[in-house]
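Take a look at the structure below.
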DNA sequence: CGTCTTTTGAGAGTCACTCCCCGTTCAAGC
DNA sequence: GCTTGAACGGGGAGTGACTCTCAAAAGACG
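Chains as they are written, first to last, in the numbering used here: chain A, 2 to 212; chain B, 2 to 212.
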C-alpha cells in the first residue's frame, strides 16, 4: 500500500533491530543519498526526464550501484523496506474487529505518528504515482500484494478458506478506496485533512456503496 | 477495465461504422496478425522471454511496424480500441439505478454476449495480467482511467460535484472488486461460473463489507 | 598487519522504444 | 486509367533501463 510508505521511509527507528557496524551505516547513507538526489531531480525536471545515470552522478555513486540498491528506477520512489509493518499492524488488531475498521484505525494511527516531513514526502510520492504511468503501475503491484496479504490474515481470522471470494473482494475494495482518499488528498490545492478524508472514505465503504 | 476487453477484441462487429476500403481491411489484418503471433509466442515461451523483434518476424512485419500498431509491447495484450463501449453502456442505464447495479448488469450482459473463443482469450489475458508485473501495472492504468470515467458519469447523474470523494471511492472499489472476480475466475482449475462470481462479488459490495 | 568477505565501479550486452527518412501503396479527382 | 497527394511499411541510428561479469577497493576480524 502506497500509503504505509510513510512509516517505511520515516526517519524513525526501523522495526527490525538496527544492525550495528560501519558497513551497515554506510549502506543506509548511500541509500538515502540516492533517494534524496532522485527526489530532488524528479521535482526539478520530472521523472521521465531524469536518467538513472544523472541520479547516480548527483548521489556520487556509479550507475551500477544505483541498480544494486534499487532494482528498478521505480523502486527509488516506491521503496518497500519494511513490508512486515502493515501485516504486524493488522495482526495486532483484535480478531473480532471488522477488517474495514482495522484498516481505518491503522491508517489514522500511522498518520498520527508521522511528522511534517513524512507528510511532505508522502504528498510528493503520491503526486509522482498519480502522474507517472510507470509508477502508477508499480504502485498497483504493491497494492495487489498487500491485498493478498490482508486476504490471508482475514481468511485466517474469520475461519474462511484462503482465496475466499468475499474476503478478496473486501480487501481489494478497501485498498482501492484508501488509495482514492490519498489521491484526493494529494490533489493540487488540497485543503482537506487526510484523517478526515480517510474516515469519510471508510464511511462510504461501510454504508453499502449505494449511490 | 480489463474485463470489457472481451467486447473490444471480440470477433463481433465493432460499434463504430466499419470503414470500408482495402487499406482499412489490411490494417485490421496486420493488427490481428501481430496480436495472434504475440499470443502464440507468449503462450509458448512467456511474455518476458519474447522480444518484439521475434513477434515482428512471426507476424511477418518489421519491428517498427509492430510499434506503429501498438505503442508498447504491453498494448499488444491490453488493446483498447473501443474505449467508448463502457461509457456508452453506463450512460444507457437508467439514471436512477445505483452504479453498482449498473456495473453488475453491464458485466453480466457483456459476458452473455461473448462466445467461447472470446472467453478463452479472456482467460489467457487475465492470466498474463496476473503473472506479468508489467502487464498488471498497465492494466491498473486502464482501471484508473475507467474509474475516472465512471466517476464523471456518476457525479453527473447524481448531481454531486466532479471529484466528489464518495463517488470516487465507490467507482474505484467497484472496479477493484470486479477485477478480483476476474482473477478468481481465471485461477488455475476454475470450476466456477464467471457470472456467478460477479454476482457474488457485487453482493459483497452492497452488503456493507462487514467481515 | 594480513587475509577474507562484501561492496563498488567499469564495461559490454540486451531489449524496449523513438525518430527520421525513403520507397511503396492506396485513394480520389480528373 | 492516370496522376498526385497522403498514408503506410521498412531500415537504421540512437537513447535509456536494466543485466552480467570481473577486477579493484574497503570494512571485518583475527
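Glycine is no exception: its CB is placed at the ideal position from the N, C-alpha and C atoms.
Using a 10 Å radius around the Cβ and a threshold of 16 neighbouring Cβ atoms, would you call residue 138(A) buried or exposed? Start at 1 with the first residue of the first chain, and residue 138(A) comes out as number 137. With 16 or more other Cβ atoms within 10 Å, it is buried.
Are the C-beta atoms of residue 160(B) and some chain A residue less than 7 Å apart? Within the second chain, numbered from 1, the residue matching residue 160(B) stands at position 159. With 7 Å as the cut-off, residue 160(B) does not count as an interface residue toward chain A.
Alpha carbon to alpha carbon, how far is residue 24(B) from residue 62(B)? As a working note, residue 24(B) is residue 23 in the second chain. As a working note, residue 62(B) is residue 61 in the second chain. Spanning the two alpha carbons is a distance of roughly 16 Å.
Applying the 10 Å Cβ sphere with the 16-neighbour rule, what's the burial state of residue 158(B)? Stepping through the second chain from its first residue, residue 158(B) is reached at position 157. Buried.
State yes or no: is the beta carbon of residue 72(A) nearer than 7 Å to at least one beta carbon in chain B? As a position in the first chain, residue 72(A) is number 71, starting the count at 1. No - not a single Cβ of chain B is within 7 Å of the one on residue 72(A).
Using 7 Å as the threshold, is the C-beta distance between residue 210(B) and residue 171(A) below it? Counting from 1 along the second chain, the entry for residue 210(B) is found at position 209. Counting from 1 along the first chain, the entry for residue 171(A) is found at position 170. In this structure, residue 171(A) lies closer than 7 Å to residue 210(B) by Cβ.
First and last residue of the alpha helix (DSSP H) that includes residue 143(B)? Taking the first residue of the second chain as 1, we reach residue 143(B) at position 142. Its alpha helix (DSSP H) spans residues 134–159.
From 79(A), 21(A) and 27(A), pick the residue whose C-alpha is nearest to that of residue 39(A); which is it? In the first chain, counting from the first residue as 1, residue 39(A) sits at position 38. Minimum Cα distance to residue 39(A) is reached at 79(A).
Given a limit of 7 Å on CB to CB distance, which residues of the region 123–142 of chain B reach chain A? 134, 137, 138, 139, 141 and 142
Nearest-angstrom Cα separation, counted from residue 85(A) out to residue 92(A): Residue 92(A) sits at position 91 when you count from the first residue of the first chain. Residue 85(A) sits at position 84 when you count from the first residue of the first chain. Whole-angstrom Cα-Cα distance: 10 Å.
Residue 147(A): buried (16+ other C-beta within 10 angstroms of its C-beta) or exposed? As a position in the first chain, residue 147(A) is number 146, starting the count at 1. By the neighbour-count rule (16 or more Cβ atoms within 10 Å), residue 147(A) is buried.
Of the residues that make up the region 23–43 of chain A, which ones have a beta carbon closer than 8 Å to any beta carbon in chain B? none
Near residue 42(B), what residues of its chain come up, given a Cβ to Cβ distance below 7 Å and the 5 sequence neighbours on each side ignored? Position 41 of the second chain, counting from 1, holds the residue named residue 42(B). Excluding residues within five positions, the ones whose Cβ falls inside 7 Å are 51, 55, 56 and 59.
Whole-Å CB distance - residue 187(A) paired with residue 120(A), under 8 Å assumed: By one-based count along the first chain, residue 187(A) stands at place 186. By one-based count along the first chain, residue 120(A) stands at place 119. Residue 187(A) to residue 120(A), Cβ: 10 Å. No contact.
Measure the CB-CB distance between residue 203(A) and residue 131(A) and report whether it falls below 7 Å. On the first chain, residue 203(A) is found 202 positions in, with the first residue counted as 1. On the first chain, residue 131(A) is found 130 positions in, with the first residue counted as 1. For residue 203(A) and residue 131(A), no; Cβs fall outside 7 Å.
Any beta carbon of chain A sitting closer than 7 Å to that of residue 99(B)? Walking along the second chain from the start, residue 99(B) turns up at place 98. So, interface residue.
Out of curiosity, what's the CA-to-CA distance linking residue 162(A) and residue 89(A)? The sequence position of residue 162(A) within the first chain is 161, counting from 1. The sequence position of residue 89(A) within the first chain is 88, counting from 1. About 21 Å.
Against chain A: residues of the region 196–212 of chain B by CB proximity under 8 Å: 198, 201, 202, 205, 206, 207, 208, 209, 210, 211 and 212
When the Cα atoms are used, what is the spatial distance from residue 212(A) to residue 123(B)? Position 211 of the first chain, counted from the first residue, corresponds to residue 212(A). Position 122 of the second chain, counted from the first residue, corresponds to residue 123(B). Spanning the two alpha carbons is a distance of roughly 30 Å.
May I have the straight-line CA-CA distance separating residue 115(B) from residue 195(B), to the nearest angstrom? Position 114 of the second chain holds residue 115(B). Position 194 of the second chain holds residue 195(B). Taking the straight line from one Cα to the other gives about 12 Å.
Which same chain residues end up closer than 7 Å to residue 73(A) when comparing Cβ atoms and leaving out the 5 residues on each side of it in sequence? By 1-based counting over the first chain, the position of residue 73(A) is 72. Taking C-beta separations shorter than 7 Å and ignoring five residues to either side along the sequence, residue 73(A) has no partners in its chain.
Just the C-alpha distance for residue 35(B) and residue 102(A), rounded to the nearest angstrom, thanks. Taking the first residue of the second chain as 1, we reach residue 35(B) at position 34. Taking the first residue of the first chain as 1, we reach residue 102(A) at position 101. If you take the alpha carbons of residue 35(B) and residue 102(A), they lie about 48 Å apart.
Using beta carbons (cut-off 7 Å, strictly below), is residue 185(B) in contact with chain A? Here residue 185(B) is taken as the residue at index 184 of the second chain, counted from 1. Cβ-Cβ to chain A under 7 Å: yes for residue 185(B).
Where residue 143(B) falls, given that 16 or more other Cβ within 10 Å makes a residue buried: The residue you call residue 143(B) lines up with position 142 of the second chain. Buried, since its Cβ has 16 or more Cβ neighbours within 10 Å.
Please name the residues in the region 164–178 of chain B whose beta-carbon is closer than 9 Å to at least one beta-carbon of chain A, in chain order. Cβ proximity to chain A below 9 Å picks out 164, 166, 167, 168, 169, 170, 171, 172, 173, 174, 175, 176, 177 and 178 from the region 164–178 of chain B.
Distance between residue 31(B) and residue 66(B) (C-alpha atoms, nearest Å): The residue you call residue 66(B) lines up with position 65 of the second chain. The residue you call residue 31(B) lines up with position 30 of the second chain. Residue 66(B) and residue 31(B): Cα-Cα distance of roughly 9 Å.
Start and end of the alpha helix (DSSP H) containing residue 203(B)? Within the second chain, residue 203(B) is the residue found at index 202, counting from 1. Note, residue 203(B): alpha helix (DSSP H), 195–207.
Between the alpha carbons of residue 165(B) and residue 208(B), how many angstroms are there, rounded? Here residue 165(B) refers to the residue found at position 164 when the second chain is read from its first residue. Here residue 208(B) refers to the residue found at position 207 when the second chain is read from its first residue. One C-alpha to the other measures close to 22 Å.
Check each candidate in 141(B), 168(B) and 140(B) and name the one with the smallest Cα separation from residue 153(B). Reading the second chain from its first residue, position 152 is the one you call residue 153(B). Considering only alpha carbons, the answer is 168(B).
Interface flag, residue 181(A) vs chain B, CB-CB below 7 Å: As a first step, residue 181(A) must be located in the first chain, where it is residue number 180. With 7 Å as the cut-off, residue 181(A) counts as an interface residue toward chain B.
For a contact meaning CB atoms closer than 8 Å, what does residue 145(A) contact in chain B? The sequence position of residue 145(A) within the first chain is 144, counting from 1. In chain order: 137.
For residue 68(B), does the three-state DSSP call read helix, strand or coil? Here residue 68(B) refers to the residue found at position 67 when the second chain is read from its first residue. DSSP, reduced to helix, strand and coil, places residue 68(B) within a helical segment of the structure shown.
Distance between residue 145(B) and residue 33(B) (C-alpha atoms, nearest Å): Stepping through the second chain from its first residue, residue 33(B) is reached at position 32. Stepping through the second chain from its first residue, residue 145(B) is reached at position 144. Rounded to whole angstroms, the separation of the alpha carbons of residue 145(B) and residue 33(B) is 27 Å.
Where residue 155(B) meets chain A, residues with beta-carbon distance less than 7 Å: One-based indexing of the second chain puts residue 155(B) at position 154. Per Cβ cutoff of 7 Å: 212.
Taking a contact to mean a Cβ-Cβ separation below 7 Å, would you say residue 77(A) touches residue 71(A) in this structure? Translated into positions along the first chain, residue 77(A) becomes position 76. Translated into positions along the first chain, residue 71(A) becomes position 70. Yes.
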